[in-house]
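Residue numbers (the working numbering): 63 to 352.
Everything below concerns the one structure shown next.
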Amino acid sequence: MNIPFEILRTPAAMRARAEYLRRDGRRIAVVPTMGALHEGHLALLREARARADVVILTIFVNPTQFGPNEDLAKYPRDEDGDLAKARTCGIDLAFCPEAAAMYPAGAQTFVEVRELQKPMCGASRPGHFAGVATVVAKLFHATLPHLAVFGEKDYQQLAIIRRMVRDLDFGIEIVGVPIVREADGVALSSRNAYLSPEQRAAARVLSAGLEAAARAVASGECDAAQLLALARAPIEAEPLARIDYVELRDVDELTPIDRLERRAVMAMAVFVGTTRLIDNRVLLSQPVAR
Ligand code: PAF
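Listed below in structure tokens is the structure:
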């Protein structure tokens, strides 16, 4: 039976709707977003559609994951445009709360995934992942999903959410969807909208660095220092780009790796102008047999 499309605005209203759908035997998928939807988000919605009876899109620009000097005020907001795009992917419900509904006065409880939140983006964005984990936990409580779909572009975020779900027994399947890229390799991101044409051209250096490292791995290179140097080279050669970090890490624990023997991901954050872009690539998906 089709569900009439509806926008829910409070956690209580959303949860009542989700409880009803669960009682009715429906399998619920949620796709949490902060809006500014692009093809990458639509790929998440299509994945959710293929796996569930009910697809819930959440749009919430979560203030607790922005640092004091970050772009909360100028984060792009276009609910009508986002919903029009999302409805082409067949969503059933949208949960679009205001900040006051999500964080009542006096809210002081946070979820922290202690170790995974520390390195990489966590090092330059203190508090960011506590904000992410907390809001995702709240979105899960409101939407009561059987599964949730996230992009692999936010690699550390996905690892943190998987760990939170495991550690706190949420009983929700977490599905990761591969990065969607433009023809020139640049990963789709809501932040690409901030780039001037020159900066957009310069942004190619992130995926070029990852590609250089992946090619070296295919030719047998295992040394992390060599791989990192190869990945950094095109970025360092681009005057508009400045590296925040480029690192090779264990795919699950996010601990540093010296040699490519365990499953490994190369992840990076790079400022292009004032816009901080992230990208990653799994360089070794199976451990080396001994
Ligand atoms: O990836 C995002 O858009 C956000 O971090 C998320 C998961 C929706 C939490 O606000």
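Just so you know, even glycine gets a beta-carbon here, dropped at the ideal spot from N, CA and C.
Since this is a predicted model, take the numbers as computed values, not measurements.
With distance defined between alpha-carbon atoms, name the residue in 74, 323, 100, 315 nearest to residue 139.
Residue 139 has its Cα closest to that of 100, out of 74, 323, 100, 315.
May I have the straight-line CA-CA distance separating residue 317 from residue 311, to the nearest angstrom?
Answer to the nearest angstrom: the Cα atoms are 5 angstroms apart.
Does the beta carbon of residue 205 fall short of 7 angstroms from some heavy atom of ligand 1?
No, since every heavy atom of ligand 1 falls outside the 7 angstroms radius drawn around the Cβ of residue 205.
Take the Cβ of residue 93 as the centre, count every other Cβ of all protein chains shown within 10 Å, and call the residue buried at 16 or more, exposed below.
Answer is buried; the Cβ neighbour count reaches 16.
Does residue 109 pass the burial test, meaning 16 or more other C-beta atoms within 10 Å, or should it be called exposed?
Looking at its Cβ environment, which holds 16 or more other Cβ atoms inside 10 Å, residue 109 is buried.
CB-CB under 8 angstroms to residue 293, same chain, minus the five flanking residues each way: which ones, in chain order?
The residues are 271, 272, 274, 275, 308, 328, 330.
Supposed contact pair residue 128 and residue 164 - C-beta distance, whole angstroms, cut 8 angstroms:
Actually they do not touch by this definition, with Cβ atoms about 14 angstroms apart.
Report the option in 349, 141, 103 whose CA atom is closest to the CA atom of residue 323.
With distances taken between Cα atoms, residue 323 lies closest to 349.
Classify residue 237 as helix, strand or coil using the three-state DSSP reduction.
If DSSP states are grouped into helix, strand and coil, residue 237 belongs with the strands.
Quick check on DSSP: helix, strand or coil for residue 220?
Per DSSP, reduced to three states, the secondary structure at residue 220 is helical.
Specify, as a first and last residue, the run of the alpha helix (DSSP H) that residue 82 falls within.
That run of the alpha helix (DSSP H) goes 73-85.
Hey, residue 242 and residue 209 are a contact pair by Cβ (cut 8 angstroms); roughly how many whole angstroms apart?
Not confirmed; about 20 angstroms, so no contact.
Rounding to the nearest angstrom, what Cα-Cα distance links residue 192 and residue 174 in this structure?
Distance between residue 192 and residue 174, taken at the CA atoms: about 5 angstroms.
Of the residues 103, 115, 205, the one placed nearest residue 157, counting alpha carbons only
Measuring from the Cα of residue 157, the nearest candidate turns out to be 205.
How many whole angstroms separate the CB atoms of residue 211 and residue 119, which I take to be in contact at a CB cut-off of 8 angstroms?
Contact doesn't hold; Cβ gap of about 10 angstroms is too wide.
Identify the continuous alpha helix (DSSP H) that holds residue 115 and give its terminal residues.
In the DSSP annotation of this structure, residue 115 is not part of any alpha helix (DSSP H), being labelled neither H nor E.
For residue 346, the three-state DSSP class (helix, strand or coil):
When DSSP states are grouped into helix, strand and coil, residue 346 belongs to the strand group.
From 95, 86, 338, residue whose alpha carbon lies closest to that of residue 264
Across the set 95, 86, 338, the C-alpha of 338 shows the shortest separation from the C-alpha of residue 264.
Cβ-based burial, residue 221 [other Cβ within 10 Å; buried from 16]
Residue environment analysis places residue 221 among the buried positions, since at least 16 neighbouring C-beta atoms fall within 10 angstroms of its C-beta.
In chain order, what residues place their C-beta within less than 6 angstroms of a heavy atom belonging to ligand 1?
Checking every Cβ against the heavy atoms of ligand 1 under 6 angstroms gives 94, 95, 96, 124, 127, 194, 197, 198, 216, 219.
State the CB to CB distance for the pair residue 207 and residue 69, rounded to an integer number of angstroms; the pair is presumed to be in contact (CB under 8 angstroms).
17 angstroms between Cβ atoms; not a contact.
Cβ separation of residue 335 and residue 302, assumed to be a contact under 8 angstroms, to the nearest whole Å:
Their Cβ separation, rounded to whole angstroms, is 6 angstroms, which keeps residue 335 and residue 302 in contact under 8 angstroms.
Enumerate, from N- to C-terminal direction, the unbroken alpha helix (DSSP H) stretches of 4 or more residues contained entirely within the stretch 228-302.
DSSP runs (the alpha helix (DSSP H)) wholly in the stretch 228-302: 259-264, 266-280, 286-298.
Residue range of the beta strand (DSSP E) that residue 141 falls in?
It is not in any beta strand (DSSP E) - residue 141 instead sits in the alpha helix (DSSP H) that spans 141-149.
Could you pull out every residue in the same chain whose Cβ sits closer than 8 angstroms to the Cβ of residue 214, ignoring the five residues on either side in sequence?
220, 238, 239, 240, 241, 342, listed in sequence order.
Whose C-alpha, out of 253, 300, 170, is nearest the C-alpha of residue 196?
Considering only 253, 300, 170, the residue with the shortest C-alpha distance to residue 196 is 170.
How far does the beta strand (DSSP E) with residue 330 in it extend, from its first residue to its last?
Per DSSP, the unbroken beta strand (DSSP E) holding residue 330 starts and ends at 326-334.
I'd like to know whether the C-beta atoms of residue 143 and residue 111 end up nearer to each other than 8 angstroms.
The criterion of a C-beta distance shorter than 8 angstroms is not satisfied by residue 143 and residue 111.
On the DSSP letters alone, give me the boundaries of the alpha helix (DSSP H) that residue 197 sits inside.
190-205 is the span of the alpha helix (DSSP H), which, as asked, contains residue 197.
If you follow the alpha helix (DSSP H) that residue 184 is in, where does it begin and where does it stop?
Taken as a continuous stretch (DSSP letters only), the alpha helix (DSSP H) holding residue 184 covers 183-186.
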